[in-house]
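Okay, so here's the structure we're looking at.
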Amino acid sequence: MSAILKRIAVFRTCALGDAVQCTPLLRQIRADAPQARITFFTSENVVPLFAGAPFVDEVVGLKASWLTIKAGRRGMLRAWWEMARQGAFDAMISLEPTWLRNIGCLLVRAPVKAGLSFTGRKKPFEIFTHPLRITGDSRETTQHASEQYLQLWLQISGGQDRGLGYDMSHLLAGDGAQQLPERPFIALAPGTGNPFLKVKTKRWPPASFVELGGALLARGWAVVYLGGNDDLGGMAPPAGAVNLLGKTSVQEVAVLLSRAAAMCGNDSGLFHLAQGLQCPAVGIFGSSSPRFTGVFRAARAEALQAPLPCAGCYLQECAPPEEVLAQGLARPCCMSAVTPSQVVRRVEHMARFPSPSPAVP
């Protein structure tokens, strides 16, 4: 079918990391249907991520005010109406996670509509011509989100998975370099969350990121902090570190990650971006599942999660069982159980350049 599709729309409202996870799908569509015009409808805050991307022809930014929890269903309908205003498509793929967020796709003119359809949840009717039946509980999933997205396209096209991963190398085309340290450096990204939702249980304590930076500096690495202004929660980076929090564009961050020996961050946008730039990466996971949003087809990346029975709970507030509370861990327990000394070892093991000093025993 892909040979006759001339206009394809993909819809996903998301933050930076979610957008990166859409790129294997977009790359596969481009490879399978090179004649098609691919339009990606996504949140306006991630549009710069696709500047110069060879796997999309057009990126339409949807207003952030439409996509907040407060905006609710009415806001999502406005986002879908924006797609409907663009005319008819031969195929439309929605990557939205719930039936209510997808109801607006009825406004879109497309004979083929593919999307996620959760099992075990009663729905008044099926929205999609090509639904992908998946579990609605991310704790139980055995399939990465990017794999689910690919399966939607394969249902439409009847093609074979090409094994493509993230590729964000188009962000390196311009002159976006900041002043780089003279010796090999580790990039640390202490932020998490997005403009629509802040999840405390996905965040390794800022104090741990400061301690980690100090430990890496003591071992001879240069250290660069990347992300937003308040990602360290008002704490100062250790003396000697380069503080670029709130001071870089997406393109500048991409250049820095492409040249870093390794990076370490939470389950966040920069962790996923690093994978698309072939930067060795260590992601610290707490309430989210590495199976669902962890490493995807990246040779030098790792998701690090404490072996607690409640890890991967997807709760926004830590509510550990008694056996975990008995360990005296600060909440969120799954994040405080990961120590800076553990992370130093994993980062140095993952780094593409030799350590400036002997490896940690």
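Quick note on the numbering used here: the sequence shown kicks off at 14 and runs consecutively. Here a beta-carbon is modelled for each residue, glycine too, at the ideal position from N, C-alpha and C. This one's a predicted model, so the numbers in the text were calculated from it and none came from an experiment.
Quick check on residue i: does DSSP put it in helix, strand or coil?
i      : result
Ser107 : strand
Ala275 : strand
Leu177 : coil
Ile147 : strand
Val212 : coil
Arg358 : helix
Thr132 : strand
Phe366 : coil
Glu195 : coil
Asn256 : strand
Leu165 : helix
Gln264 : helix
Val121 : coil
Leu269 : helix
Gly296 : strand
Leu184 : helix
Ile21  : strand
Gly241 : coil
Ala343 : coil
Leu80  : helix
Check whether the Cβ atoms of residue i and residue j sit closer than 7 Å, and answer yes or no.
i      : j      : result
Pro197 : Val223 : no
Val33  : Leu286 : yes
Ser302 : Gly325 : yes
Ser130 : Pro144 : yes
Leu75  : Ala92  : yes
Ala228 : Pro194 : no
Leu38  : Leu163 : yes
Lys126 : Phe141 : yes
Phe54  : Phe102 : no
Pro345 : Thr214 : yes
Phe297 : Val351 : This sequence places Ile at residue 297; Phe is not what is there. Their beta carbons are under 7 Å apart, which means Ile297 touches Val351 by this criterion.
Gly187 : Gln99  : no
Ile273 : Ala200 : In the sequence as presented, Ile is not what sits at residue 273; that position holds Ala. Cβ atoms of Ala273 and Ala200: closer than 7 Å.
My assumption, with CB atoms under 8 Å, is that residue i sits in contact with residue j. Please give the rounded CB distance.
i      : j      : result
Ala254 : Ala275 : Contact doesn't hold; Cβ gap of about 15 Å is too wide.
Ser300 : Val356 : About 18 Å separates the two Cβ atoms, so there is no contact after all.
Arg451 : Thr155 : Nothing in the structure corresponds to residue 451, since the chain is present only between 14 and 374.
Pro322 : Glu335 : Incorrect: roughly 11 Å between the Cβ atoms, too far for contact.
Gln288 : Ala316 : About 11 Å separates the two Cβ atoms, so there is no contact after all.
Ala44  : Arg175 : 6 Å
Leu230 : Cys277 : Incorrect: roughly 14 Å between the Cβ atoms, too far for contact.
Gly247 : Gly30  : The Cβ separation is near 24 Å, so there is no contact.
Leu185 : Ala267 : 6 Å
Do you know how far the Cα of residue j is from the Cα of residue i?
i      : j      : result
Ile26  : Leu80  : A quick correction: the sequence has Thr, not Ile, at residue 26. Answer to the nearest angstrom: the Cα atoms are 7 Å apart.
Cys331 : Thr261 : 32 Å
Ile116 : Glu95  : 14 Å
Arg146 : Thr132 : 6 Å
Thr52  : Ala46  : 13 Å
Phe63  : Asp70  : 10 Å
Cys388 : Ala319 : Missing from the structure shown is residue 388; the chain here goes from 14 to 374 and no further.
Pro110 : Thr148 : 11 Å
Phe68  : Arg40  : 5 Å
Gly65  : Arg232 : 38 Å
Leu113 : Asp280 : 26 Å
Gly307 : Tyr238 : 21 Å
Leu270 : Cys292 : 6 Å
Can we say the stretch 179–189 touches the stretch 233–248, given the rule of at least three CB pairs closer than 8 Å?
-> Fewer than three pairs of CB atoms, one per stretch, sit closer than 8 Å, so the stretch 179–189 makes no contact with the stretch 233–248.
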